[in-house]
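Keeping their order, the protein sequence lines are chains W and U. Just so you know, we're using full-length UniProt numbering here: the first sequence kicks off at 1 and counts up by one. Just so you know, we're using full-length UniProt numbering here: the second sequence kicks off at 1 and counts up by one. All C-beta atoms, glycine included, are put in the ideal place defined by N, C-alpha and C. First comes the structure, then the notes that go with it.
Number of protein chains: 2
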Amino acid sequence: MDASLSLDSPLSDTVAPRLGYMLRRASAVMMAGLGAALADMALRPVEGTILILVGENPGCIQSDIGRTLGIKRANMAPLVAGLAARGLLSKTPVDGRSLALTLTSEGDAARRQVESIMDAHEARFEALLNETDMAALRDALRIIAQQGESAPD
Amino acid sequence: MDASLSLDSPLSDTVAPRLGYMLRRASAVMMAGLGAALADMALRPVEGTILILVGENPGCIQSDIGRTLGIKRANMAPLVAGLAARGLLSKTPVDGRSLALTLTSEGDAARRQVESIMDAHEARFEALLNETDMAALRDALRIIAQQGESAPD
DNA sequence: TATTGTTATACTCTATAACTATA
DNA sequence: TATAGTTATAGAGTATAACAATA
């Protein structure tokens, strides 16, 4: 049993096996799956991620969340405002210029649900790989991601 | 030597080790690197990819490229028009409704340069990983990407 | 009827610039 | 001077709908 050439694609494709292209495809598949899983809660992946981060860092300031997730200040503002408008988190001034973020009880319930959904989503993919490949995958992804440090703002 | 906790991030972050998040980060790093490497040619990664695909499938029709790369017809039109306007590829009717794409000689020169840039870019990352991890990474990415098949249009 | 290519359009994500207020 | 938050805006990337021409 070999064959397997051009079963679903009639074109020769030397781009498909490239590392960057494979990474992009795999990432898109997982993001789409997570987005679909979170759609029931009317939350996007980035919003779920913010809830988790605020949940484990109560009182953290908005800028720290943005720096941790690689989201610029200008784009954090509407994200946090949206979550606050839905009653999921509250902004309380600490500094005069900084806002401390904490989850409301409703936000914490949402956070627990998001974590549950993310756990199940990850488990679905991890079940497809053996432990050795999973460990190698994590190592490789960490090393690749480390190449893109810096970026002040 | 352990330490390593919160050196660059003052926040606890249980999202960072999640598979989907690591994939997204690694993919973004590689895409940004490739984008920077291709910027000298004033080509975006997707444009370079189209040049490669047309180069190895001369006379293929526009729709096949779109299907292979997961780009919708509506979004292929301006991409191909842009490359044609720059003299990198030519569109010749075959069907009356289908357009066969071929690289011009200038387009083929660009294609060779793109492949050279992509080779160097990949090599830079592959050098960071041993053969075992690279093989595991490719296997894992292929398996993950396979979970997101379908999508008719 | 299904496919190809095109245009228009909209929504998301991301980026910069400019502004206010504060440390 | 540097930082925090906000607003406005612009550019990609991606999505649907509608259309004309063709198979």
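Distance cutoff 7 angstroms, beta carbons only. Does residue i sit that close to anything in chain W?
{"i": "Val29 (chain U)", "result": "yes"}
{"i": "Thr68 (chain U)", "result": "yes"}
{"i": "Leu23 (chain U)", "result": "yes"}
{"i": "Leu88 (chain U)", "result": "no"}
{"i": "Leu83 (chain U)", "result": "no"}
{"i": "Gly107 (chain U)", "result": "no"}
What residues from chain U crowd round residue i, counting only those whose CB sits closer than 7 angstroms?
{"i": "Asp64 (chain W)", "result": "Pro10, Leu11"}
{"i": "Thr102 (chain W)", "result": "Per Cβ cutoff of 7 angstroms: no residues; Thr102 (chain W) is ~14 angstroms from chain U at best."}
{"i": "Ile144 (chain W)", "result": "Ala26, Val29, Met30, Phe125"}
Using 7 angstroms as the limit for Cβ to Cβ distance, is residue i near chain U?
{"i": "Gly55 (chain W)", "result": "no"}
{"i": "Ala123 (chain W)", "result": "no"}
{"i": "Ala42 (chain W)", "result": "no"}
{"i": "Leu128 (chain W)", "result": "yes"}
Tell me which residues share the same chain as residue i and place their Cβ nearer than 7 angstroms to its Cβ, disregarding the 5 neighbours each side in the sequence.
{"i": "Ser90 (chain U)", "result": "Ala84, Thr102, Thr104"}
{"i": "residue 156 (chain U)", "result": "Since the first and last residues shown for chain U are 1 and 153, residue 156 (chain U) lies out of range."}
{"i": "Met30 (chain U)", "result": "Phe125"}
{"i": "His121 (chain U)", "result": "Gly33, Leu34, Ala37"}
Closer than 9 angstroms by beta-carbon distance: list the chain U residues that pair up with residue i, in chain order.
{"i": "Gln113 (chain W)", "result": "Those do not exist, as Gln113 (chain W) stays about 15 angstroms from chain U at its closest Cβ, beyond 9 angstroms."}
{"i": "Glu47 (chain W)", "result": "Chain U residues near Glu47 (chain W): none, gap ~12 angstroms exceeds 9 angstroms."}
Could you tell me which chain U residues have their CB closer than 8 angstroms to the CB of residue i, listed as they occur along the chain?
{"i": "Asp133 (chain W)", "result": "Ala136, Asp139, Ala140"}
{"i": "Ile52 (chain W)", "result": "Thr14, Val15"}
Looking only at its own chain, which residues have a Cβ that is under 8 angstroms from the Cβ of residue i, when we skip the five neighbours before and after it?
{"i": "Arg44 (chain W)", "result": "Gly35, Leu38"}
{"i": "Cys60 (chain U)", "result": "Leu53, Val54, Ala100, Leu101"}
List the residues of chain W that residue i touches, going by C-beta distances under 7 angstroms, in chain order.
{"i": "Arg18 (chain U)", "result": "Met118, Glu122"}
Near residue i, which residues of its chain fall below 6 angstroms by C-beta distance, leaving aside the five closest residues on each side in sequence?
{"i": "Pro17 (chain W)", "result": "none"}
Interface residues of chain W around residue i at Cβ under 9 angstroms?
{"i": "Gly148 (chain U)", "result": "Arg25, Ala26, Ala28, Val29, Met30, Ala32, Gly33"}
Inset, instruction - Entirely within the UniProt domain "HTH marR-type" (16-146) of chain W and at least 4 residues each: give me those alpha helix (DSSP H) ranges in chain order. - result: 19-39, 45-56, 62-69, 73-85, 105-126, 131-146
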